[in-house]
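In UniProt numbering, the protein residues as written are 3 to 307. Cβ atoms here follow ideal geometry from the backbone N, Cα and C, with glycine treated the same way.
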Ligand code: PMP
């Protein structure tokens, strides 16, 4: 990742990619207190355009507020930074990674007067789990790792340290022959994937866990709205793992994963064992919107030019 051409926005400057470095005593590297986003820009008729940029920046600010990290830039400055890195790196489409982290002014949990740094990087990143996953669906395993408790690390912030839990779950799922983990909340109800929200479909109704133990996903919100517009009922409720086993369809949503069908959970086939009809409708609607092919929701796309 580090050895490539291009520029990264780093504390207000465009820094050559290979020189965008930070010290080994960077506080966030040691304790994981930092916040970030995952954002995508799509190739549209109007050139590269960033999907729901305002909402991602808003969540980044909320995450920083939860973690008590003062933001040294305004929302407008950061939105502009996102547009700049896609444009300056001449990316037709991109994954963007803004991150807010502490500097190396002090060590230890009591460290104060730490400088808050911000980067925004962008690179080309095709389908997160491969193009085939979007069509065929993926195999998932219920994780032995519990998702975050609302009073331990909380769930509203997209915080760096939260992702060791995701990585442990994903490693376990992959070593067990699956492609993604399904994580349960501390009470044993379905929460989310390692980096995705989860939905199931049963008898034509769409269900998803409420956001108590999962990230308030922007793709989740988008898909719920698109589902309503297509006349489907969406219910937010507690879901058990066996409800997923007997669902007609299941899928993950996320900026990276987009709308990825789930074809199997814990060795049990879900529905017909491939992308279901409602998943197909929503996936197509999502791709139409993000790629600027739908006249509606044009305001969700921010052109970089
Ligand atoms: N849950 C977790 C844990 C995630 O990391 C992500 C990805 N940001 C999501 C859900 C989906 O969120 P979004 O749709 O905003 O990308």
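Residue i versus residue j - alpha carbon distance
{"i": "residue 290", "j": "residue 94", "result": "17 Å"}
{"i": "residue 1", "j": "residue 284", "result": "The requested residue 1 does not occur in the structure, where the chain is confined to residues 3 to 307."}
{"i": "residue 206", "j": "residue 233", "result": "11 Å"}
{"i": "residue 90", "j": "residue 18", "result": "11 Å"}
{"i": "residue 122", "j": "residue 214", "result": "28 Å"}
{"i": "residue 301", "j": "residue 108", "result": "43 Å"}
{"i": "residue 51", "j": "residue 44", "result": "5 Å"}
{"i": "residue 175", "j": "residue 116", "result": "37 Å"}
{"i": "residue 85", "j": "residue 69", "result": "26 Å"}
{"i": "residue 133", "j": "residue 188", "result": "33 Å"}
{"i": "residue 286", "j": "residue 202", "result": "17 Å"}
{"i": "residue 154", "j": "residue 219", "result": "20 Å"}
{"i": "residue 100", "j": "residue 113", "result": "24 Å"}
{"i": "residue 92", "j": "residue 49", "result": "10 Å"}
{"i": "residue 178", "j": "residue 146", "result": "12 Å"}
{"i": "residue 160", "j": "residue 303", "result": "22 Å"}
Residue i Cβ short of 7 Å to the ligand PMP heavy atom set
{"i": "residue 184", "result": "no"}
{"i": "residue 194", "result": "yes"}
{"i": "residue 202", "result": "no"}
{"i": "residue 36", "result": "no"}
{"i": "residue 208", "result": "no"}
{"i": "residue 168", "result": "yes"}
For residue i, the nearest candidate out of the options (CA to CA)
{"i": "residue 198", "options": "259, 306 and 109", "result": "259"}
{"i": "residue 222", "options": "58, 90, 306 and 72", "result": "58"}
{"i": "residue 248", "options": "238, 231 and 270", "result": "270"}
{"i": "residue 27", "options": "74, 110, 129 and 49", "result": "110"}
{"i": "residue 238", "options": "209, 127 and 230", "result": "209"}
{"i": "residue 204", "options": "116, 161, 281 and 87", "result": "281"}
{"i": "residue 88", "options": "278, 293 and 9", "result": "9"}
{"i": "residue 306", "options": "3, 47 and 7", "result": "47"}
{"i": "residue 98", "options": "112, 296 and 127", "result": "127"}
{"i": "residue 31", "options": "165, 156, 138 and 55", "result": "165"}
{"i": "residue 200", "options": "167, 230, 61 and 241", "result": "241"}
{"i": "residue 21", "options": "297, 267, 158 and 7", "result": "7"}
Sequence-distant residues of the same chain with beta carbon closer than 6 Å to residue i, five excluded per side
{"i": "residue 275", "result": "265"}
{"i": "residue 226", "result": "236"}
{"i": "residue 130", "result": "258 and 259"}
Where the alpha helix (DSSP H) containing residue i begins and where it ends
{"i": "residue 137", "result": "133 to 138"}
{"i": "residue 169", "result": "165 to 177"}
{"i": "residue 89", "result": "77 to 90"}
{"i": "residue 308", "result": "No statement about residue 308 is possible, as the shown extent of the chain runs from 3 to 307 and does not include it."}
{"i": "residue 280", "result": "279 to 292"}
Extent of the continuous beta strand (DSSP E) run through residue i
{"i": "residue 18", "result": "15 to 18"}
{"i": "residue 299", "result": "No beta strand (DSSP E) contains residue 299, which DSSP labels as neither H nor E."}
{"i": "residue 51", "result": "49 to 53"}
{"i": "residue 119", "result": "118 to 125"}
{"i": "residue 9", "result": "9 to 12"}
Cutoff 8 Å; reference residue i; Cβ partners in own chain excluding five residues on either side
{"i": "residue 195", "result": "142, 182, 183, 184, 185, 254, 256 and 259"}
{"i": "residue 71", "result": "35, 36, 37, 102, 104 and 118"}
{"i": "residue 245", "result": "192, 202, 204 and 209"}
Neighbourhood of residue i by C-beta, 7 Å cutoff - its chain only, sequence neighbours within 5 removed
{"i": "residue 25", "result": "106"}
{"i": "residue 193", "result": "149, 185, 186, 187, 211, 215 and 216"}
{"i": "residue 156", "result": "68 and 150"}
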